[in-house]
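Mapping the sequence shown onto our numbering, position 30 (from 1) lands on 64, and the numbers just tick up by one. All C-beta atoms in this analysis are idealised placements derived from N, C-alpha and C, irrespective of residue type, glycine included. If you're wondering where the values come from, they're calculated on a predicted model, not measured in any experiment.
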Amino acid sequence: MGEMPASPATAPDVQQDAETLYEYHQLHTRITQKADAIFCLCSLDTRVAQRAAQLFLDGYGDYLIFSGGSGKLTHGRFDKPEAVIFADIARGLGVPDEKLIVEPCSTNTGENVRFTYALLREKGLSLKSFILVQKPYMERRTYATFKKQWPDPSAEIFVTSPRLSWKDYPNQDNPVDLVINIAVGDLIRIREYPAKGFQIPQEIPPEVWEAAQRLIEKGYNSHLP
35 MGEMPASPAT APDVQQDAET LYEYHQLHTR ITQKADAIFC LCSLDTRVAQ
85 RAAQLFLDGY GDYLIFSGGS GKLTHGRFDK PEAVIFADIA RGLGVPDEKL
135 IVEPCSTNTG ENVRFTYALL REKGLSLKSF ILVQKPYMER RTYATFKKQW
185 PDPSAEIFVT SPRLSWKDYP NQDNPVDLVI NIAVGDLIRI REYPAKGFQI
235 PQEIPPEVWE AAQRLIEKGY NSHLP
């Protein structure tokens, strides 16, 4: 576990399998209607904050929620909770402070959902629809987690992410090896977590599962559950 992959991320077969996972993890939802709030699940990728802020500024929500403390991937990378850093980015883009809701304690996706629900109740806000904003390769797991763990089953949700193709997604802060490892690990979580009560089930096409198995065999196994 965690050793250098046997095949470099630039190898064509690795790239093809990685893109297969990247596309599967996205729900490709077109955002066409307003929700009560934009709900951004924070991470190491600050482009997600920019996408969430732009959706708010374009009128797609009355509030902008940022949820995230210090997760495995940002511990030691950020000097403040993820949600605080993301909220600062949103303020810099013109989002009014009174429209921001910051949940800075959660450490995983389930906590993002549960802690934000509790915070909204504490604030006396009854929000019924959300546009969830995540990294592209975490859209599906975010959807499955919210549907299982948000206490109000009548809530309406849509999921989106920065609009980036596979070839354009990796950058200095999100290196390709790390992204592939996370995408592989999250596919395993999508398969295993429903039995643990963490998510609703999601169908995994055989070609997607096979792509993940090939990547694991090539050493992309550092983010497995």
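Of the listed residues Phe180, Ser160, Asp96 and Met172, nearest to Glu145 (C-alpha basis):
Phe180
With DSSP collapsed to three states, give me the class of Gly36.
Residue placement at Gly36 is flagged as unreliable, the pLDDT there being 47, under the threshold of 50; the coordinate-derived value follows with that caveat. If DSSP states are grouped into helix, strand and coil, Gly36 belongs with coil.
Unbroken alpha helix (DSSP H) run spanning Asp96, endpoints:
No alpha helix (DSSP H) contains Asp96, which is instead part of the beta strand (DSSP E) from Gly95 to Ser101.
Under three-state DSSP, which class holds Ile224?
helix
Am I right that Leu127 and Gln84 are in contact with their C-beta atoms under 8 Å? What's the rounded C-beta distance?
7 Å
What residue range does the beta strand (DSSP E) around Thr54 cover?
Note, Thr54: premise wrong, no beta strand (DSSP E); alpha helix (DSSP H) at Pro46 to His59.
Classification of Ala229 by the beta-carbon crowding that lies within 10 angstroms, buried from 16 upward:
exposed
How about Ile234 and Lys162: do their beta carbons lie closer than 7 Å?
no
Does the Cβ of Phe90 lie closer than 6 Å to at least one heavy atom of the ligand SAM?
In terms of ligand content, the structure shown is empty, and the ligand SAM therefore cannot be addressed.
Would Phe121 and Leu134 be called neighbours here (beta carbons separated by less than 7 Å)?
In the sequence on display, residue 121 carries Ala and not Phe. In contact: Ala121 and Leu134 (Cβ atoms closer than 7 Å).
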